[in-house]
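Protein chains: 2
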Amino acid sequence: MAEIHGVKFVLCLSFSLLLNLYFLWTSTRSVKELSWSKGAAVEAEVVASVSCSGHGRAFLDGVLVDGKPMCECNSCYVGADCSHFLDGCIADADSGDPLFLEPFWMKNAASSAVVVAGWHRMSYSFRDSHTRTSNELENHIRLLHAVIGNAVTEGRYIVIGVGSTQLLSAAVHALSPNGSASPAKVVATIPFYALYKAQTKYFNSEDSKWQGDTSLWENSTSLSKNTTDTSATFVEFVTSPNNPDGKLMKAVLDGSSVKTIYDHAYYWPHFTAIEAPADENVMIFTLSKVTGHAGSRFGWAVVKDKDVYERIAQYINLNILVATHDTQLRALKLLSVALKGGGKELFGFGYKAMRHRWKKLSRSLSKSSRFSLQNLEPMYCTYFEEVTGPSPAYAWLKCEREEDKDCHEVLKSAGIIGREGSVFGAESRYVRLSLLKGQDDFDWLLERIDALVSQEYGSRSI
Amino acid sequence: MAEIHGVKFVLCLSFSLLLNLYFLWTSTRSVKELSWSKGAAVEAEVVASVSCSGHGRAFLDGVLVDGKPMCECNSCYVGADCSHFLDGCIADADSGDPLFLEPFWMKNAASSAVVVAGWHRMSYSFRDSHTRTSNELENHIRLLHAVIGNAVTEGRYIVIGVGSTQLLSAAVHALSPNGSASPAKVVATIPFYALYKAQTKYFNSEDSKWQGDTSLWENSTSLSKNTTDTSATFVEFVTSPNNPDGKLMKAVLDGSSVKTIYDHAYYWPHFTAIEAPADENVMIFTLSKVTGHAGSRFGWAVVKDKDVYERIAQYINLNILVATHDTQLRALKLLSVALKGGGKELFGFGYKAMRHRWKKLSRSLSKSSRFSLQNLEPMYCTYFEEVTGPSPAYAWLKCEREEDKDCHEVLKSAGIIGREGSVFGAESRYVRLSLLKGQDDFDWLLERIDALVSQEYGSRSI
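Top to bottom, those sequences are chains A and B. First residue of the first sequence? That's 1 in the working numbering, and the numbers climb one at a time after it. First residue of the second sequence? That's 1001 in the working numbering, and the numbers climb one at a time after it.
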């Protein structure tokens, strides 16, 4: 029954999209000459045509040099046209900047561009509905989940925010008791994404306190099983696939006093096999790791319970009033491209890129006994309808030698910057290496890794 | 000396803008045929050409009906083309939606449109500078303040956020002692903008507590004069011009333990005469009340002290990581249009519109003894270089009759919705009426007011 509803839902939304396309096709034929939008279009194409040797890019809002927007070079490249490689440059694999998808958007330039008119949505709300989220955008989000099969959204509430970043703290606030003498205990399982801890501590709300690793609480008597007592509310973050190690995760704590926030930022076919549609009470997603638009700061929460949804929405409202309409417009356009061909174009591209990188890195490190990678198994992916090999966003590297306690330092002295294991609450012999940055970054990282591994052989052969 | 620096600064930025324009002019001549941007341009023009009878608008991300984005009608208008006025409709003068500027952007369509490429700034940060704010945008903000003369920005830090909304709570956090046994007392002077209180209470930080009206604390011994003791830190909000009553305000509390946040959202020539460049420690502005783009959620703080700047930036970082690049791009374009003709086009339009509305409303209410408006005097405006009459964003209406204690109810029964005085901490015999909404909204408000005032005459003549 639910399946029939699901199919109806997808058909209905697909039909709406098709109508949309038909309308645009017929309408575009009626506009023969551009008027007010032409200058902006020309301006954008001029900037896009600035050559940066394939190692950088000029942007419309870039710094001007002699009146021209200058090339902004990729790491390790310099010069007016980014053509010079900087000798001895450090391979920076720290941030989760998802630029591996940039070539996809260059290739899909025509379908992904959007013109924002000067008068576009100046109001706080949508004119006659008084809502603050575009209905079309919400439909596209639901359709994307239905097509990819990674989350149930039927009968669920959707609330959008400024990246998953804002929604994470909004969700903690929404799930914490309000004005209770006993604040919610916020926990996660090591290794965990550092922001959960940083936000909870920094915003320092009376309603929630950071309480570390779930293992400290797993067998705690505070875990109320049979009551609705809120004196010991737990808010557990579950990141699945996990950041940093890419593993699919489940909640550790159990009990009526446990509320769980599923951070599904990476639960897309780029980074993992899709097992089944996730169907949790609170699930958080971000455009950043779907289309690669980290700079747009667009995230959404899928929420079962109306009251929790309203509390999250209230947090967003008091924090920023409403998510920017400019990004809502752009996200709608990007998601419409993401949906093309049932998502196969974008997700095919993304998976192939990430899979290729993981294979290359694994091959390099397979020669090493000094360093190891997390173990990830091939799995059946319901989206690709086949068994797919691992393609994680990050390598979770371990320094195996007894003396290499500070793995970050070991890598640094070999010209590689990763993110310290301690940031994730883990031992210092772990380091996270970002694999989803631009191609130049990955290529240089791999070269530095190869050089490091070959040193190992060199020292052995001596 | 400061003045010479100021002139140099303006000249330098003006030169940079001129170079920019020259570059675009020469470049556009070299692009003869549009390629990837054309489809988006056509799409935008098609939607813009949908007729909504002048009482609504169709948007690119609007709800589709039969595959076409439908007209979103102004309040009180209905029908597929918004041509029908709804009899007995209530005049909604509640929100501060700055749509009075929409016609300006319709008129300046060509210069204010912007094309966002699919690959535009996907990264969290700006590629080679690793900053998260566009330099050009920051320069435009500084230039705008220099040209309007409403704030000193030389040697000041600028941090951008999601509207002034986010920056207000970021500033409270930045000015509150961290982890002190004694949280900051957050105060404002009645009548005050309700969000200050709502945010402080809702986010419920251990570092700051809402403590009401400044008059409660004016002569308090907690006001440390001679020490750097933080046990009694006050954070005072000063809104100037004030929301709701449009008066220019100064801080009430004084002492070394008092930190002040100047909310200068309305300190622009649309709404008030500019007296002198404001030069406070922490000043907050929002695009919403400059260009009218409330839906873009773009604000900035001008900050003297490096440490405070860094704490505000850290709050933004943990709250949303970075302000969306989509809005940064659009804000840059909008501010470049705002600067045209030394700002005279936009601010001339804005002042004229608001002045006209105030005169009309004042004239209507001058016949009434039942209702009165706040008293605002003509003042010399350094920007227009002449004495200008009042042009506030809101009317702060008072019900003068003894029995009209609930002014909001009195107006409501006459078909007018304002915002209750109690929301601003004031008596219920006050109501705020928004004057900066779209023309249809203002026209209908005025009709309802006229009808209400004429009732007064009617009852007298009986």
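In this text, a Cβ means the ideal position worked out from N, Cα and C, and glycines have one as well.
- Every candidate alpha helix (DSSP H) stretch fails here, since none sits fully inside the segment 1211-1282 of chain B while reaching 4 residues.
- Residue 383/A sits in coil when the DSSP states are folded into three classes, being neither helix nor strand.
- DSSP, reduced to helix, strand and coil, places residue 412/A within a helical segment of the structure shown.
- By the Cβ criterion, the segment 82-93 of chain A is in contact with the segment 402-420 of chain A, since at least three pairs of Cβ atoms, one from each stretch, lie closer than 8 Å.
- 1292, 1293, 1294, 1295, 1296, 1297 and 1298: these are the residues of the segment 1281-1311 of chain B whose beta carbon lies less than 8 Å from some beta carbon of chain A, given in chain order.
- If you check the CB distance, residue 190/A and residue 425/A come in under 8 Å.
- With a minimum length of 3 residues, the unbroken runs of beta strand (DSSP E) contained wholly in the segment 279-335 of chain A fall at 282-286 and 299-303.
- As computed with DSSP, residue 1205/B is found in a beta bridge with 205/A.
- Residue 332/A sits away from residue 1045/B, with the two beta carbons spaced by 8 Å or more.
- Around the Cβ of residue 254/A, a 10 Å sphere holds fewer than 16 other Cβ atoms; the residue is exposed.
- Counting of Cβ neighbours within 10 angstroms places residue 98/A among the buried residues, the total reaching 16 or more.
- At the C-beta level, residue 446/A and residue 359/A stay beyond 8 Å of one another.
- Between residue 1124/B and residue 295/A, the alpha-carbon positions lie close to 5 Å from each other.
- Counting only runs of 4 or more residues that sit fully inside the segment 19-98 of chain A, the alpha helix (DSSP H) segments are 38-48, in chain order.
- Contacts between residue 122/A and chain B, judged by CB atoms closer than 9 Å, involve 1097, 1098, 1099, 1101, 1102, 1105, 1288, 1291, 1292, 1293, 1294, 1295 and 1296 in chain order.
- Residue 1382/B is outside the set of residues whose beta carbon lies under 8 Å from a beta carbon in chain A.
- In this model, residue 1101/B and residue 1199/B are separated by some 28 Å (Cα to Cα).
- Collapsing the DSSP output to three states places residue 1434/B in a strand.
- Judged by pairs of C-beta atoms under 8 Å, the segment 1232-1246 of chain B touches the segment 1263-1277 of chain B, as three or more such pairs exist.
- For residue 34/A, the neighbours in chain B by C-beta distance under 8 Å run, in chain order, 1034, 1038, 1041, 1042 and 1045.
- When beta bridges are read from the DSSP output, residue 185/A appears opposite 209/A and 234/A.
- Nearest in C-alpha terms to residue 1169/B, of all of 1203/B, 1345/B and 1117/B, is 1203/B.
- Distance check between residue 353/A and each of 436/A, 379/A, 117/A and 65/A places 436/A closest, using alpha-carbon atoms only.
- If only complete runs of 4 or more residues are kept, the segment 94-143 of chain A shows the alpha helix (DSSP H) at 102-107 and 109-112, in order along the chain.
- In the structure shown, residue 1398/B adopts extended strand secondary structure according to DSSP, grouped into three states.
- Between the alpha carbons of residue 1248/B and residue 1343/B lies a gap of roughly 22 Å.
- Straight through space, the alpha carbons of residue 1197/B and residue 1210/B are spaced by roughly 6 Å.
- Of the residues assessed, residue 178/A falls on the exposed side of the cut-off, its CB having fewer than 16 other CB atoms within 10 angstroms.
- Rounded to the nearest angstrom, the gap between the Cα atoms of residue 430/A and residue 405/A is 9 Å.
- Distances from the CA of residue 301/A to each of 250/A, 378/A, 135/A and 166/A were compared; the closest alpha carbon is that of 166/A.
- A distance below 8 Å separates the beta carbons of residue 1382/B and residue 1276/B.
- Across the segment 344-370 of chain A, no CB contact with chain B closer than 8 Å is found for any residue.
- Remark: C-beta atoms of residue 1104/B and residue 1346/B approach each other more closely than 8 Å.
- For the options 326/A, 314/A, 366/A and 384/A, the alpha carbon positioned closest to that of residue 341/A is the one of 384/A.
- Following the DSSP letters along the chain, one finds residue 1351/B inside the alpha helix (DSSP H) bounded by residues 1344-1366.
- Sequence-distant Cβ neighbours of residue 1280/B in its own chain, meaning closer than 7 Å and more than five residues away, are 1260 and 1262.
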